[in-house]
Amino acid sequence: MLKTVVKKGSYHDSVVLMLLTNQISTIEGVKKVSIMMATPANKDIFKQSGLDTEELMASTANDMVVVADIDDDSLLDTIMKEIDEFFKKQSASSEGKKGAESVKSWDKALKKLPDANLAVISIPGAYAALEADRALDEGMNVFMFSDNVTIEDEKKLKEKAHEKGLAVMGPDCGTGIIQGVPVAFTNSVTPGAIGIIGASGTGIQELTTIIDRLGEGVKNAIGTGGRDLSTEVGGITMMDMIDAMEDDDTVKVLIVISKPPAKEVREKISARLSVCKKPVITLFLGEKPEYHEENFYHTYTLDEAARLAVSLVRGTKAEEGEVHTDRSEFYPADAKKTIKAYYSGGTLAGEAAMLIKDALKLAIPPEKAEGFMLKTDGHIVVDLGDDVYTQGKPHPMIDPAKRIECMQEAVDDESTGVILFDIMLGYGSHEDMAGALLPTIKDLQKKAEAEGRKVFFVSTVCGTRRDYQGYDEAVNKLKEAGVIVCETNKLAVRTAIQAIGLDFDEPEKEIRPRQTSDVVPQKASEKLLQMLSEKPKIINLGLKSFAEVAEQFGCEVVQYDWMPPAGGNVELIKILNFLRHYDGLDIDEANREVIAKVVASQPVIKDNVRAKEVIPEMREGKVILHAGPPVAYENMPDPMQGSCVGAVLFEEWADNEADARKLLESGEIRFIPCHHVKAVGPMGGITSPNMAVFVVENTTDGNEAYCTMNEGIGKVLRFGAYSEEVVERLRWMRDVLGPTLGRAIRELGGIDVNPLIAKAIAMGDEFHQRNIAASLAFLKEVAPTITKMDMDDKDRYDVIKFLSDTDQFFLNIMMATGKAVMDAARTIERGTIVTAMCRNGYEFGIRIAGMGDEWFTGPVNTPQGLYFTGYDGEDACPDMGDSAITETVGVGGMAMIAAPAVTRFVGAGGYEDALRTSTEMTEITIDRNPNFIIPNWNFQGACLGIDARLVVEKGITPVINTGIAHKIAGYGQIGAGTVHPPIECFEKAIAAYAKKLGFTS
51 MLKTVVKKGS YHDSVVLMLL TNQISTIEGV KKVSIMMATP ANKDIFKQSG LDTEELMAST
111 ANDMVVVADI DDDSLLDTIM KEIDEFFKKQ SASSEGKKGA ESVKSWDKAL KKLPDANLAV
171 ISIPGAYAAL EADRALDEGM NVFMFSDNVT IEDEKKLKEK AHEKGLAVMG PDCGTGIIQG
231 VPVAFTNSVT PGAIGIIGAS GTGIQELTTI IDRLGEGVKN AIGTGGRDLS TEVGGITMMD
291 MIDAMEDDDT VKVLIVISKP PAKEVREKIS ARLSVCKKPV ITLFLGEKPE YHEENFYHTY
351 TLDEAARLAV SLVRGTKAEE GEVHTDRSEF YPADAKKTIK AYYSGGTLAG EAAMLIKDAL
411 KLAIPPEKAE GFMLKTDGHI VVDLGDDVYT QGKPHPMIDP AKRIECMQEA VDDESTGVIL
471 FDIMLGYGSH EDMAGALLPT IKDLQKKAEA EGRKVFFVST VCGTRRDYQG YDEAVNKLKE
531 AGVIVCETNK LAVRTAIQAI GLDFDEPEKE IRPRQTSDVV PQKASEKLLQ MLSEKPKIIN
591 LGLKSFAEVA EQFGCEVVQY DWMPPAGGNV ELIKILNFLR HYDGLDIDEA NREVIAKVVA
651 SQPVIKDNVR AKEVIPEMRE GKVILHAGPP VAYENMPDPM QGSCVGAVLF EEWADNEADA
711 RKLLESGEIR FIPCHHVKAV GPMGGITSPN MAVFVVENTT DGNEAYCTMN EGIGKVLRFG
771 AYSEEVVERL RWMRDVLGPT LGRAIRELGG IDVNPLIAKA IAMGDEFHQR NIAASLAFLK
831 EVAPTITKMD MDDKDRYDVI KFLSDTDQFF LNIMMATGKA VMDAARTIER GTIVTAMCRN
891 GYEFGIRIAG MGDEWFTGPV NTPQGLYFTG YDGEDACPDM GDSAITETVG VGGMAMIAAP
951 AVTRFVGAGG YEDALRTSTE MTEITIDRNP NFIIPNWNFQ GACLGIDARL VVEKGITPVI
1011 NTGIAHKIAG YGQIGAGTVH PPIECFEKAI AAYAKKLGFT S
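Numbering (the working numbering), first residue to last: 51 to 1051.
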């Protein structure tokens, strides 16, 4: 029975999840399990494993998914507990480490390290090319550990890098050394005078470690990726690096290695190297050169290349390696014994296959078999790092499981005479692979002996004495167990071949005069020379261990805690890249223009009048304004419809509920979104012609905005109540409160809003759920004028008492202020700043500057929070109201930190949660508002300018503080909490804007 658990928004690196999967699979009762991020590629792997479920397929690339085949349902709890413990241990192991500084976006990474010159990328291949493209645009070289990048993307990236004077190392680049700094799966190698350029990972490791153990060192070792020398790519990175290393005077000898390149590319590389001014050694795996040329050497094995390089640096011949072992029990050739070879990487496996074929004197190469470097007459050479074996599973350099399984199968084959394998040391490799394999090796030795057979175990340890695993320790462990340990892979393969009675020839080469071509070397770019001449400054996307190692070697590093942008949606990522690179308009500058309007705004409360006096659309016929984007009456939630009933009774268009509902359903009443007429309304937002509204003018631009007044708490119209008490209060507000405030405001010549906000935010208001300070500040402004006005004393008392009692009174003023400010800002009809957010209980809608009046909508969510006694989430109405204009302008939930007193009421845990929330909101905004300084946020300004691109890229939606209405009209408010917009609103908005600018899929 398949059980699925989806951890939403819980991103973890694939290597970590592979190790976790292995651990969980050992739990008794777990038939099969897979734990991966729900990327499209991983979903295919789940399917291939028979572990695809509906929950999995509905998940996104940012979700961690556990699918387990179990019979006992209770076992799922055990699995999840084990998973939690695993991550706790992971977290604990990193505590106390200094570690690179972590960020969650490119912008933050570049801000921390503006002169970064190397992006190290180890993320899923589907996204690696897109992030590499961004890195190149930021002027950075790219080291791409990631694989599964299309060759078309690789070519485009490398051509772009070449044009910019940069380099792309990879994809599928496992190893690199830059100025002695190890990158990715690399050994700790002594710096020196030798430069290496290689397509491979383990090949570079073998070369560099032999050189190190021989007492010399490596300046730079650059991996190009296995396809760089293909016909399609044409050796772009290889050619650029040859130019750069030739111009680097500190490199005395250059080694170029590769698996067999395309014929025309090989000829191009050889022609370029033939005119190199310094000694060059080539190794094209699979070729058996018969001669060298003067200062241009052609080698057969990695061992030969390394020893020759050391000899050239020293000016004296390096000694050949030897294997000291008892050969008396080696098999004769007529025993027909076979070699089973299991390697961690393709280059060492390829070299082993080449040498075994040489020894077997195979005139005709054997047919290729998937997953095998060699499979002929019982002999096999396997690269366990091949995708066939690693898809969805840990790499053999970090996990011994597959190699153990292969060794067991090999001993079961009576023809097996030798099991040949490598042990890779260095950063990224298993902490004790020799120790992990020994129990199996000892068991298999006993098994073969019990059956009267001898199986030789032959190994090579690829590492240096500076590797943290300990080279000598690994060698000695193996030797003590009877393993024949050889210094290099060539020696190990030759020993294995000799153990079955065979050998290969390696004749001495003559040195001929160099044949030079007419190629004119290109001058290396300054950027490449700079990268090769100083320690890199790194932005690391992916595996944290890569950052930690670079830091140990004195590099400046920023750890980018990457998650798939745009939820892993490749189309949206392309849209984001289009908008980022669009050269017809500087979108960032347009966005800055929009927020400059916000900062420059000077909102002033000008009056309080009846709605129809300032909204022309309300002067003809029966008109009701509502919150949110357009919605038909029949789609309004029950509380909003209840508010409409109250408005009809208030306007005396009907004198009872039944007739009011008939009128509302008749089509006679025209419904208009508040936003369409410069207005906003709380919750249902229902506004009718004779309701009293505040008039707020943005005096900077001369535009106005309107909002009804706050009714207080309890049964109120905005939450759907429409009793006689509700209607009478509205009439009192129309006839007494509104005119009184209007007169006072006019006598004062208007009231500046910005000072009120600045004072109140410093006193703990966030202007959505908490307005007590601002409400009292407003009362302080109007009370002196009201007290001296010529009016009925009871009315005066009632007005002041109502203002004193209504803690949320300023909310509606803030809403009108936000509307006036954002309406002025959206006159800049360019860019991606959000200019309105609102909801109607049916849909959530947003506007962005570059799309003017157009709404982008998605299904509205139901708030999460705390409920009054007797109510819970089952009673809640989907979210509604225009009050999210407060968050749009940067307060409300966006400024949660300003009001720690309210955080628990809206469902947050306290100050730390408030801080975390507001800090997260800075990820999707482009600046801070200097007008609204928050003292307990280190006197930083409130968030400013929600960028729809950032929302989509990071999958972070604005948090909105809100009241919670009962889903049935008449009950009123039943709690308070927070709600998030559906991200599809923002996705639709940026897609539409990109289309407007010319984007095509």
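Note that CB positions come from ideal geometry on N, CA and C, so glycine has one too. Since the model is a prediction, treat every value here as computed from it, not as a measurement.
- Query: So which of GLU778, ASP408, ASN590 and PRO789 has the shortest CA-CA distance to LYS540?
  - Reply: ASP408
- Task: Give the range of the alpha helix (DSSP H) segment to which PRO653 is assigned.
- Result: Taken as a continuous stretch (DSSP letters only), PRO653 belongs to no alpha helix (DSSP H), being part of the beta strand (DSSP E) at 653-660.
- Mapping DSSP to helix, strand and coil, what is MET613? coil
- Query: Nearest-angstrom Cα distance between ILE719 and GLU707?
  - Reply: 15 Å
- Task: Take VAL695 and list the residues in its own chain whose beta-carbon comes closer than 8 Å to its own, dropping the five residues that flank it on each side.
- Result: GLU707, ALA710, ARG711, LEU714, TYR772 and ALA1019
- Task: Would you list, in sequence order, the uninterrupted beta strand (DSSP E) runs of no fewer than 3 residues that lie entirely inside the segment 871-925?
- Result: 884-890, 893-898, 906-909 and 914-917
- Query: Apart from the five residues on each side of it in sequence, which residues of its chain come closer than 6 Å, Cβ to Cβ, to ASP353?
  - Reply: THR538 and LYS540
- Task: Would you kindly work out how many angstroms separate the C-alpha atoms of ASP517 and ARG999, rounded to a whole number?
- Result: 44 Å
- When the Cα of VAL910 is compared with those of LEU101, VAL681 and MET114, which residue comes out closest? VAL681
- Assuming PHE628 and ALA886 make a contact with CB atoms under 8 Å, what is their CB distance in whole Å? PHE628 to ALA886, Cβ: 24 Å. No contact.
- Assign ARG562 to buried or exposed, taking buried as 16 or more other Cβ atoms, counted over all protein chains shown, within 10 Å of its Cβ. exposed
- Can you tell which of GLY634, ASN619, GLU369 and ASN740 has its C-alpha closest to the C-alpha of VAL673? ASN740
- Going by beta carbon distance, what residues of the same chain come within less than 6 Å of VAL330, once the five residues before and after it are set aside? LEU304, LEU323 and PHE346
- Item | Bounding residues of the alpha helix (DSSP H) (the contiguous stretch that carries ALA182) | 175-187
- Task: Taking VAL283 as the reference, give the member of LYS318, PRO950, LEU168 and ILE1033 with the closest Cα.
- Result: LYS318
- Message: Using 7 Å as the threshold, is the C-beta distance between VAL730 and LYS656 below it?
- Response: no
- Local conformation of PRO1032 per DSSP, three classes: coil
- Query: Cα-Cα, which of LEU257, LYS210 and ASP203 is closest to THR225?
  - Reply: LEU257
- Give the single residue among PHE906, ASP922, PRO732 and GLY762 whose Cα lies nearest to the Cα of LYS851. GLY762
- Over what stretch of residues does the beta strand (DSSP E) that includes THR71 continue unbroken? Premise fails: THR71 lies in the alpha helix (DSSP H), 64-75, not in any beta strand (DSSP E).
- Query: Which first and last residues belong to the beta strand (DSSP E) in which LYS269 is found?
  - Reply: 268-273
- Message: On the DSSP letters alone, give me the boundaries of the alpha helix (DSSP H) that CYS927 sits inside.
- Response: Counting along the chain, CYS927 falls outside any alpha helix (DSSP H), and DSSP gives it neither H nor E.
- Query: Under the rule that 16 or more other beta-carbon atoms within 10 Å means buried, what is GLU181, buried or exposed?
  - Reply: buried
- Helix, strand or coil: how does DSSP classify PRO329 here? coil
- Query: Under the DSSP definition of a beta bridge, which residues are partnered with GLN990?
  - Reply: ILE984
- Does the distance from the CB of LEU853 to the CB of SER172 come in under 7 Å? no
- Identify which residue in ALA824, ILE261 and TYR1021 has its Cα closest to the Cα of ALA948. ALA824
- Query: Tell me, which residues are paired with ILE801 by DSSP?
  - Reply: ILE655
- Message: Let's test the definition: count the other Cβ atoms within 10 Å of the Cβ of GLN98 and tell me whether it reaches 16, buried, or not, exposed.
- Response: exposed
- Item | GLN602 versus GLN519 - alpha carbon distance | 16 Å
- Are the beta-carbon atoms of VAL360 and ALA243 separated by less than 7 Å? no
- Query: Around the Cβ of LEU405, are there at least 16 other Cβ atoms within 10 angstroms (buried) or fewer (exposed)?
  - Reply: buried
- State whether the segment 384-395 contacts the segment 459-474, with contact taken as three or more CB pairs (one from each stretch) at a distance under 8 Å. yes
- On the DSSP bridge assignment, give the partners of GLN580 in chain order. Partner(s): none; GLN580 has no beta bridge.
- Message: Quick check: does the Cβ of TYR632 come within less than 6 Å of any heavy atom belonging to the ligand PLP?
- Response: The model on display carries no ligand, and the ligand PLP is accordingly not part of it.
- Message: Tell me the DSSP secondary structure of GLU684 in three-state form.
- Response: helix
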